[in-house]
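What follows is a set of notes on a single structure, which appears directly below.
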Amino acid sequence: MTDEIKLVYTGSRVEGMFLEEMLVENGIGVIKRDTLSASVQAGWADGAPEDTIRLFVEIFNFDKARKILDDYFASREE
């Protein structure tokens with residue numbers, strides 16, 4: 000991965016893991032930052048359940064990733 004990454008998702012751990020898998024299945028590499036998991040491993044808990052995970056993609060994959068996520072969230076509203 001390059002040094003240029005961009006945030007595509009912040010939210011719950013469960014949904015973030017699902018979205019990470021969806022992006023990887025579409026050929027998009029993902030960097031996941033799981034605040035809750037990291038803090039528990041360190042011996043203390045930090046992060047609210049609604050924003051414990053952040054997904055980042057390389058900048059050249061950002062538009063493709065955003066489209067996939069936007070389509071997913073739109074399908075949930077139907």
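Under numbering that gives the first Met the number 0, the residues of the sequence shown are numbered 0 to 77, in order.
For glycine and all other residues, C-beta sits at the position ideal for the given N, C-alpha and C.
These figures come from a predicted structure and were not determined experimentally.
Check	Outcome
Chain B within 8 angstroms of alanine 64, Cβ atoms only	No chain B is part of this structure, which consists of one protein chain only.
Contacting residues, own chain, Cβ-Cβ under 8 angstroms from arginine 65 (five flanking each side not counted)	Val7
Per-residue DSSP class, three states only, for glutamate 77	coil
Sequence-distant residues of its chain with Cβ nearer than 6 angstroms to leucine 22 (five each side left out)	Val29 and Ala64
Minimum C-alpha distance to asparagine 25 - residue among Asn60, Ser74 and Phe72	Asn60
8 angstroms Cβ cutoff met for isoleucine 67 and glutamate 3	no
One or two residues paired with lysine 66 in a DSSP bridge	According to DSSP, lysine 66 bridges with nothing at all.
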